[in-house]
Each structure stands twice: as C-alpha cells, then as structure tokens.
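Below is one structure; the comments refer to it alone.
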Amino acid sequence: MVDVFNDIRYAIQYEQVTLDLGGTYRQFASDTLSLIKIPKNSKVLDLGCGTGISTCTIFDMAEKVKVTGVDKAQHFLDIALLKFGLLDNPNSILQIIKQDHPYPQVLRDKCDVKDLESHLKKIAQKYKKFGNKVSFYHKDASEILDIKERPFDYVLANQVIHWFRKKDTKSGEPNLDYERTIIQQVRNSLKEGSLFGFNTSGADYKFDKNDMNQIHILNHPFYIAFMESLHYQLSSKWFPKREYTFDHNEIKRIMEENGFNIEASKQKKMYRQPNQIIEVCIVGGQMQIFQKSNVESTTEERERILEEALKYALRKSSPGVKPVIETGIHYIARKI
Ligand SMILES: C[S@@+](CC[C@H](N)C(=O)[O-])C[C@H]1O[C@@H](n2cnc3c(N)ncnc32)[C@H](O)[C@@H]1O
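FYI, the numbering for the sequence shown is 240 to 575, going by my numbering.
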C-alpha cells in the first residue's frame, strides 16, 4: 500500500498547504499549548510530530524546554530534521521542491501557492539554535515506552489522535484496541500528574448566529462534490460525514477510561479563504481517502484521480459559493 505519510512528495504537500493556509497546523498547536502553560525546563514529547510544525511551535511557546519528536513517517521527519539543522543533506529536499513541484499544475493555477523553499530556509535559520534541544525518533506511537528521554512532563499530539482509530476489516466498525494501547503508552510515558495536550477537528462544533451565512468545510458543496468523485472513481460509497471523528463525550470517555482527567477544553473557529478549499480537498482528501481507507494506489494514480475529482467538483460547484469555516477542539488532560 502507498502510505501517503511516507511519501516525500506528500510530506512536501503537507508543508505547502499549511503554509498557504496561513499556518493551519501551527494555529492548532498554539491554541492547545495556550490552554495551560508548559512549565519551564520541561521535557516534552511531540507525538506524531510530522514535519516539525508542532515542534517549532513548542519552542516558541515554552521556555527552556527539551523536545522529543516521534513519528512513524521517515519522510515527514526528514523535513523536521531540516528545520532544526539536523538533516545531513537538506538540499535533497530543497531540490525536490524547486525542480519537481509537489502540486500538479492544475492546482498551482488555481491556488495562491507560496514560496515553500524560501519559507523552509527561513524556518531552518530561526530554529537551528534549538538543534541540541531536540531529538527525533522514527517510531510508531504504540512503541514509545523505550524512548530514553522518558518520562515526560508534557505530551502534545497536534492533529494526531484521530489517526489512532482503526477500522476492523471484518465488521467495518472501529477497532479501539490500537487507540487504547497508544493512550495507555502516553500515560505511561508521563510523570505523575503531568499533562497531555491534544486537538482534533471538532466534529460537534455548534455554530452561533453570526456564523449562519458560512459553512463548515465538510458540508461545503464543492468539498462534497470532490469527495463524491473520489469515491466514485474508487468504487466506494461516500457518506457525507467524516468517519471516526470524535465528539466531546467520546473524548471524555476515552480519557477517563485510560486514566486521564480533562482539565481544560476549548472549541475554536478557523476561517478560510474560498479558494483555499481546493488545496484542502487535494491534500486533505488524500489523507482521508488513501490513508484512512487503506486504498491501494501509486503516487501517479493518486494524482490522476485527484485531478479528475477536482475537474468534477469545479463543474458541479464554485469553491466561492459560501465562506468556509473550519473548527478545532482542544484538550488538556491530566494523568491521574
Ligand atoms: C496531520 S499530521 C500532524 C503533524 C504534526 N503534529 C503537525 O503539527 O504538523 C499527522 C502525523 O501523525 C503521524 N502519525 C499518524 N499515525 C501515527 C502513529 N501511529 N504513530 C506515529 N505517528 C503517526 C503521521 O505520520 C503524521 O506525520
């Protein structure tokens, strides 16, 4: 199977979309980190650190910390290493960005695509001073107990926990064993009474009156048409709701069952420009369909299907038909 998380082009696309969207994943991380301050001199685990967006945000928001990043995707980690001046050959990634742009032409023509190469160089310039305060491990989140920096004072999982929920291949229902194992390991990696901060997309966000002329991205007609086409091409059925997202009660239950007490939580809106929805569809659609549903495909096949879906969605609806909102729900849970 093609693991989108382990594809260098996808890792670069992930970085590109978050830059073009005004630092989406950075916003997620800073909203969680600002709920309860990380104490000075803490040892922090950035679980599912990806390309290091959350890792950099930890250094910005907490004083004198040491951070350990863990991710199961080596190519995502390569970008994180580059940002902290720890990658042996940073030009290998910068060359790919320059010569073999991560987005298909059709997407570049339609979106406000920013200069990723200069952005990464600037980030590396800023964060290389933390190179001796950070370490990265290529590991699955279910295997974190042998990390030598353990125990931690704080674990952050920025836009990660929804990836721990697997589908049982026989029943099609969620299989919670893997998720439970990871949350238990997070607990066992923390010092007594320490904190676990995490966020997800806020499936049960309640819109207030002022938001009524806007629309959540998951309900936007352009997004729905795009997903319909993806599913049609892959001969699977599209249900207009995200599989395996959590509502507040479910998160509360998972935390309590695994020895955590939720101390703080907050829902937040994030506004988007209408044309950004195209980028979200292409990059987020890949994550949802090709990763979560274990669809077999090569990178080329994936790009062809995505382009087809984009053309279909553009025929059916305009991305600008309504302003788009995205939401995040943020939690701090304490080990009890
Ligand atoms: C949406 S990205 C978030 C990355 C990062 N925290 C950020 O703020 O940009 C999700 C990350 O979780 C990682 N991930 C998903 N499941 C994982 C697992 N079981 N173990 C380790 N990493 C995992 C993926 O490889 C990916 O880098």
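Built from N, CA and C at the ideal position, the CB exists for glycine as well.
Remember, predicted model here, so these are calculated numbers, not experimental data.
Check, Outcome
"May I ask you to report which of helix, strand or coil DSSP gives Ala572?", "strand"
"Just the Cα atoms here: how many angstroms apart are Pro343 and Glu502?", "44 Å"
"Three-state secondary structure (DSSP) at Gly591?", "This structure cannot settle anything about residue 591, because the visible part of the chain is limited to 240 through 575."
"Tell me the residue span of the alpha helix (DSSP H) that contains Asp299.", "292-300"
"With three or more beta-carbon pairs closer than 8 Å as the criterion, would you say the region 465-472 touches the region 432-439?", "no"
"Quick one: using the 10 Å Cβ neighbour count with 16 as the cut-off for buried, is Ile575 buried or exposed?", "exposed"
"Within the region 335-389, note down every full beta strand (DSSP E) run reaching 3 residues or more, in order along the chain.", "373-377"
"Mind listing, in chain order, the continuous alpha helix (DSSP H) runs of no fewer than 4 residues lying wholly within the region 253-295?", "263-272"
"Quick one: is the Cβ of Ser374 within less than 6 Å of any heavy atom of ligand 1?", "no"
"Which residues, in chain order, sit with a beta-carbon under 5 Å away from any heavy atom of ligand 1?", "Phe244, Tyr264, Gly287, Gly289, Ile292, Ser293, Asp310, Lys311, Ala312, Phe315, Asp379, Ala380, Asn397, Gln398, Val399, Trp402"
"Excluding the 5 residues flanking Ala319 on each side, which residues of the same chain have their C-beta closer than 8 Å to its C-beta?", "Cys288, Gly289, Thr290, Gly291, Thr294, Gly308, Asp310, Phe375"
"Apart from the five residues on each side of it in sequence, which residues of its chain come closer than 6 Å, Cβ to Cβ, to Val306?", "Val283, Asp285, Thr294, Ile297, Val373"
"What do you reckon, are the CB atoms on Leu272 and Met300 nearer than 7 Å?", "yes"
"Since Ile277 and Val304 should fall inside the 8 Å C-beta cutoff, what is the C-beta to C-beta distance between them, to a whole number of angstroms?", "6 Å"
"What does the alpha-carbon distance come out to for the pair Asp384 and Leu355?", "Residue 384 is actually Leu in this sequence, not Asp. For Leu384 and Leu355, the distance between alpha carbons rounds to 35 Å."
"For Asn500, which residues from the same chain have a beta carbon less than 8 Å from its beta carbon, with the 5 sequence-adjacent residues on both sides left out?", "Met494, Ala572, Arg573, Ile575"
"So what does Tyr393 bridge to, in DSSP terms?", "Val283, Leu434"
"Quick one: Cα of Phe244 to Cα of Gln252, how far?", "11 Å"
"Exposed or buried, what is Arg511 when buried is set at 16 or more other beta-carbons lying within 10 Å of its beta-carbon?", "buried"
"Please work out which residues of its chain come closer than 7 Å, Cβ to Cβ, to Arg389, disregarding the five sequence neighbours upstream and downstream, and give them in chain order.", "Ser428"
"What residues are listed by DSSP as bridge partners for Leu429?", "Phe391"
"Mind reading off the beta-carbon distance from Phe461 to Ser557? Whole number of angstroms is fine, and I expect it under 8 Å.", "7 Å"
"Report yes or no: do three or more beta-carbon pairs, one from the region 318-332 and one from the region 388-402, lie closer than 8 Å?", "no"
"Any idea which residues DSSP pairs Pro562 with across the strands?", "In the DSSP output, where bridge partners are listed per residue, Pro562 has none listed."
"For Thr439, which residues from the same chain have a beta carbon less than 8 Å from its beta carbon, with the 5 sequence-adjacent residues on both sides left out?", "Gln398, Ile400, His401, Thr484, Phe485, Ile490, Gly567, Ile568"
"Should Asn497 be labelled buried (16 or more other beta-carbon atoms within 10 Å of its own) or exposed?", "buried"
"Could you work out which residue in Leu553, Gly559, His455, Asp242 is closest to Phe315 when comparing CA atoms only?", "Asp242"
"Tell me whether Thr538 sits in a helix, a strand or coil according to DSSP, three-state version.", "helix"
"At which residues does the beta strand (DSSP E) containing Gly324 begin and terminate?", "Element bounds for Gly324: n/a, residue is neither H nor E."
"Run the CB neighbour count on Gln525, radius 10 Å, all protein chains shown included, and call it buried at 16 or more, exposed below.", "buried"
"Could you name the residues that DSSP lists as bridge partners for Gly308?", "Asp285, Phe375"
"Am I right that Cys520 and Phe465 are in contact with their C-beta atoms under 8 Å? What's the rounded C-beta distance?", "4 Å"
"With a Cβ-Cβ cutoff of 7 Å, do Tyr417 and Lys405 count as a contact?", "yes"
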